[in-house]
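Have a look at the structure below before the remarks.
Protein chains: 4
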Amino acid sequence: MSKDDRIAVILRTARELIREKGFENFLPLEVAQKSGISEGMVYKYFKSKRELMERVAEDWFEEFLNEAPLPAQDLPLRDQLFQVIWSSLMSIKREPALTRFVLMELRADPNYRNLPTYRQSRRFAKSVVDVIEQGIQRGLIREDLNRKLVRDMIFGAIEHATWAFLRGEDEEFSVDVTARGITDMILDGISTQKPLTTEMIERLEHMVSQLASELHGVRMGPPAD
Amino acid sequence: MSKDDRIAVILRTARELIREKGFENFLPLEVAQKSGISEGMVYKYFKSKRELMERVAEDWFEEFLNEAPLPAQDLPLRDQLFQVIWSSLMSIKREPALTRFVLMELRADPNYRNLPTYRQSRRFAKSVVDVIEQGIQRGLIREDLNRKLVRDMIFGAIEHATWAFLRGEDEEFSVDVTARGITDMILDGISTQKPLTTEMIERLEHMVSQLASELHGVRMGPPAD
Amino acid sequence: MSKDDRIAVILRTARELIREKGFENFLPLEVAQKSGISEGMVYKYFKSKRELMERVAEDWFEEFLNEAPLPAQDLPLRDQLFQVIWSSLMSIKREPALTRFVLMELRADPNYRNLPTYRQSRRFAKSVVDVIEQGIQRGLIREDLNRKLVRDMIFGAIEHATWAFLRGEDEEFSVDVTARGITDMILDGISTQKPLTTEMIERLEHMVSQLASELHGVRMGPPAD
Amino acid sequence: MSKDDRIAVILRTARELIREKGFENFLPLEVAQKSGISEGMVYKYFKSKRELMERVAEDWFEEFLNEAPLPAQDLPLRDQLFQVIWSSLMSIKREPALTRFVLMELRADPNYRNLPTYRQSRRFAKSVVDVIEQGIQRGLIREDLNRKLVRDMIFGAIEHATWAFLRGEDEEFSVDVTARGITDMILDGISTQKPLTTEMIERLEHMVSQLASELHGVRMGPPAD
DNA sequence: TATGAATGAGCATTCATTCAT
DNA sequence: AATGAATGAATGCTCATTCAT
């Protein structure tokens with residue numbers, strides 16, 4: 001078996017083990033046994049247990065990035081955002097144990113910013129930010145937003161929904177419903193109609209009133225409810 | 001030293017150690033030494049290392065809940081929400097290591113729902129949900145919202161912002177700015193103005209058209225559909 | 001509460017705890033708590049945990065010796081032996097945990113021969129040996145027996161039956177049946193009745209019959225019962 | 001050193017340590033040191049201290065069972081029984097500490113019946129029971145015996161004799177004498193010749209005397225020895 | 001006399017990593 | 001290249017006993 005095949009087998013086995021037992025119980029010895037090789041070989045190809053785990057996470061993330069291509073720019077904004085959030089939730093639902101590893105272990109690593117996973121995470125985050133920027137350029141999204149915060153909110157919502165799923169709180173966890181909810185809330189907020197609109201209307205009403213008074217010498221009030 | 005004082009000392013020391021070294025490196029022996037007592041004493045008052053850590057988290061959460069009283073119901077909705085988010089971020093900024101412990105260890109515990117921390121977390125979540133409900137009743141927030149999702153989004157945003165801070169990504173992390181940003185985004189969403197307003201504007205346009213036609217004998221208006 | 005009362009309470013509590021949890025899990029702290037006194041008091045009256053446990057065993061043994069008086073010497077031998085064995089099994093059945101303590105811990109102690117329990121054990125063993133001796137004197141038991149071995153066999157049988165009971169193997173463990181079985185086997189052995197004896201008698205009977213017939217012309221049968 | 005050799009060394013060392021210090025003071029660390037290996041190696045081949053000790057007991061028992069082959073069926077019953085009892089006592093005399101471990105620790109284990117030692121113990125017990133059954137079939141042993149009780153008595157006698165030896169009470173402990181004594185007592189019981197027989201003979205003597213006196217006018221006494 | 005806080009030695013077990021073969 | 005035996009530091013937890021108050 002070639003070196004690359006060997007590595008592929010180890011990575012696949014390791015991913016299975018993480019999926020089955022959780023990353024806290026992941027043992028290099030088991031990877032070797034399940035791969036039909038010796039422990040020494042695992043350490044030949046991966047400097048340490050940690051490196052192996054990081055590579056597993058990296059591969060998984062890479063797959064995700066490839067499977068979830070950038071949303072087509074000619075789609076409506078809402079659809080683009082939905083697609084990005086939906087892919088993310090879907091991927092998490094498929095590999096909850098790996099998700100936990102990335103969220104809990106890698107992200108807490110002081111060295112996180114030098115890890116490939118960090119860059120991957122940035123790539124994905126960028127695809128979200130790109131959608132936002134596009135929305136801004138099209139005039140559909142407010143310009144005055146803190147981009148970082150928008151990104152945090154989107155991912156925050158995704159992750160928080162994920163935790164509930166990982167803890168088994170939401171047995172009926174539906175990727176579609178959750179993704180739709182997050183998308184709408186991000187775009188529309190939770191308020192009912194906007195006060196600014198009213199103000200503008202009031203201003204218009206004022207103008208109309210003035211016109212009317214010029215015409216008839218009579219001051220019109222706002223339309224009765 | 002009285003039993004209660006002893007317990008207090010242990011808890012304080014333990015909290016310091018978690019703060020300094022992170023919960024992964026927390027050793028009961030060190031707690032004892034730093035408290036000037038024997039390891040056995042720690043185990044006299046706390047059945048296990050885990051229980052001690054949970055108590056530290058619990059006390060911290062309790063302090064937070066006491067320090068962050070329910071927002072006054074007569075405040076504007078936006079201020080109430082801001083206050084809740086601000087307290088949360090503030091508390092996290094003060095004890096990042098404990099936050100990590102709660103978010104990563106406790107929340108991932110299969111038994112999480114039976115822990116005091118879970119109930120505390122619910123209490124806090126409830127205070128947020130209460131604000132939302134009140135907004136709905138006042139007609140300021142849409143009725144058709146998935147409450148759980150709103151809650152997830154708010155906490156998700158808070159936590160995600162927290163992670164960036166914990167990782168030292170945002171050195172200039174400002175509780176005020178972040179809380180303000182989250183609050184506004186939750187309430188208003190990120191979109192520009194709302195199409196529904198159009199109806200009202202159409203009515204106005206109609207009024208203006210009539211006025212204008214009276215003035216000039218010409219019908220202005222939007223193009224007929 | 002007087003000193004003696006105190007001691008009595010401690011001993012009673014200790015016995016209950018040994019009964020409930022087994023002697024391996026016996027904790028002085030629990031004795032104190034259950035007795036409503038402090039741990040220090042336990043150590044005031046008993047030099048060590050071991051001494052306390054030995055005293056519990058001693059008291060129990062003493063009770064047994066008092067409750068199981070010497071078998072009346074005018075009873076048939078078999079009844080005396082049965083009584084002794086029966087009392088022993090009965091006492092064991094009542095306090096299995098204490099029995100285990102004596103059999104496993106005390107008896108294995110290098111210092112066992114200096115313990116009160118040893119002397120008590122000897123007292124009880126003597127009562128058995130006395131029955132045997134009496135049997136010998138009455139001509140009912142062979143003289144050439146190794147007394148020590150007889151004693152070992154009797155107690156061995158009792159203890160082995162006990163172990164099965166302690167392990168829960170014989171749920172239907174009946175003191176009566178077991179005591180009866182042991183008694184009979186000890187007295188009679190397991191061999192069938194000696195064929196030679198009967199044969200000889202028959203031969204003699206045959207000879208006598210012939211003599212009689214020669215004398216009287218009449219055939220005598222065996223004597224009517 | 002091969003895996004099997006290593007295991008053998010560990011088992012041998014462990015057995016020595018148990019022999020020297022008793023099973024209560026048995027430390028895995030010491031096994032490793034005395035075997036010239038690290039503690040980790042002990043745990044590589046044996047999941048736990050307990051498992052190691054059980055394996056030591058198991059091997060010892062297996063050796064015993066191999067060294068003490070089934071008694072030849074054509075031997076007299078008494079010789080077969082003697083042989084079985086003798087082997088048992090001999091093995092115990094060689095490894096008193098292991099005997100204590102089996103009798104006290106293993107046999108008290110709630111899981112005892114699932115241990116290999118239990119099955120070994122059954123195998124040996126069966127060889128005894130087989131001898132008994134054979135005796136019954138040959139008409140040499142009473143049919144109406146409670147087999148379980150016979151077995152208990154034999155082993156009880158063996159074990160009780162063992163205990164005395166283990167405690168050093170019988171310094172002159174002789175396997176031959178003890179085995180002989182137990183065998184005889186089991187087979188013959190402790191009673192003198194059966195009184196009924198004597199009685200019958202006396203009656204016969206009486207009849208014979210009468211006949212004789214009728215014949216010769218002379219009173220006959222009991223037959224001279 | 002009574003308390004109960006305090007001690008601290010003692011021990012089983014794990015597992016990432018190395019390296020002789 | 002490949003093996004897998006070997007390492008050994010690290011650590012949570014127990015509990016009989018003491019002694020200051």
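Protein chains in written order, with the UniProt record's numbering: chain A, 1 to 225; chain B, 1 to 225; chain C, 1 to 225; chain D, 1 to 225. Cβ atoms here follow ideal geometry from the backbone N, Cα and C, with glycine treated the same way. Note that the structure is predicted; figures quoted are calculated from it, not measured.
Asked                                                                                                                       : Found
Contact set for residue 45(B): own chain, Cβ-Cβ below 7 Å, skip 5 residues either direction                                 : 6, 7, 10
Those runs of the beta strand (DSSP E) which lie wholly inside the segment 31 to 72 of chain D and span at least 3 residues : none
Between the CA atoms of residue 80(D) and residue 73(D) - distance to the nearest angstrom                                  : 8 Å
Neighbourhood of residue 84(A) by C-beta, 7 Å cutoff - its chain only, sequence neighbours within 5 removed                 : 71, 127, 128, 131
Chain-ordered chain C contacts of residue 159(D) [CB-CB under 8 Å]                                                          : 156, 159, 160
Within-9 Å CB hit, residue 189(B) to chain A                                                                                : yes
Start and end residues, alpha helix (DSSP H) containing residue 141(C)                                                      : Where residue 141(C) is concerned, there is no enclosing alpha helix (DSSP H), given that its DSSP letter is neither H nor E.
Nearest-angstrom Cβ-Cβ length linking residue 136(A) and residue 143(A), presumed shorter than 8 Å                          : 6 Å
Near-chain B residues of the segment 68 to 80 of chain A - C-beta to any C-beta below 7 Å                                   : none
Contact with chain B by residue 194(A), beta-carbon distance below 9 Å                                                      : For residue 194(A), the pLDDT reaches just 49, beneath the cut-off of 50, and the residue's location in the model is therefore unreliable, although a value from the coordinates is still provided. Closer than 9 Å to some Cβ of chain B, the Cβ of residue 194(A) qualifies, so yes.
Environment of residue 133(A) [buried if 16+ CB atoms lie within 10 Å]                                                      : exposed
Residue 111(B) (DSSP reduced to helix, strand or coil)                                                                      : coil
Proximal chain B residues relative to residue 146(A), where beta-carbon distance stays under 8 Å                            : 177, 181
Distance between residue 98(B) and residue 57(B) (C-alpha atoms, nearest Å)                                                 : 6 Å
9 Å Cβ cutoff met for residue 149(A) and residue 182(B)                                                                     : yes
Inter-residue spacing [alpha-carbon to alpha-carbon] between residue 21(D) and residue 109(D)                               : 21 Å
Check whether residue 89(B) and residue 164(B) have beta carbons under 9 Å apart                                            : no
Residue 152(C), buried or exposed, once every other Cβ within 10 Å from all chains shown has been counted against 16        : buried
8 Å contact criterion, which residue 140(A) and residue 65(A) should meet: CB distance rounded                              : Not a contact, Cβ separation roughly 26 Å.
Beta carbon proximity, residue 186(A) to chain B, threshold 9 Å                                                             : yes
Residue-level contact to chain A via CB, residue 1(B), 9 Å cutoff                                                           : no
9 Å Cβ cutoff, residue 86(B) in contact with chain A                                                                        : no
Proximal residues of chain B, C-beta to C-beta of residue 53(A) below 9 Å                                                   : Simply none; closest approach about 16 Å.
Pick from 3(A), 32(A), 4(A) that is closest to residue 17(A), judged by C-alpha positions                                   : 32(A)
Residue-level contact to chain A via CB, residue 130(B), 9 Å cutoff                                                         : no
Residue environment, residue 160(D), which counts as buried when at least 16 other CB atoms sit within 10 Å                 : buried
Coil, strand or helix - residue 95(A) by DSSP                                                                               : coil
Exposed unless 16 or more other CB atoms sit within 10 angstroms - verdict on residue 177(A)                                : exposed
Distance, residue 157(D) Cα to residue 156(C) Cα                                                                            : 5 Å
CB contact flag (residue 49(B), residue 69(B), <9 Å)                                                                        : no
Cutoff 9 Å: residue 104(B) Cβ touching any chain A Cβ                                                                       : yes
Chain B within 9 Å of residue 153(A), Cβ atoms only                                                                         : yes
Assigned exposure category for residue 87(A) - 16 Cβ within 10 Å defines buried                                             : buried
Near-chain B residues of the segment 38 to 63 of chain A - C-beta to any C-beta below 7 Å                                   : none
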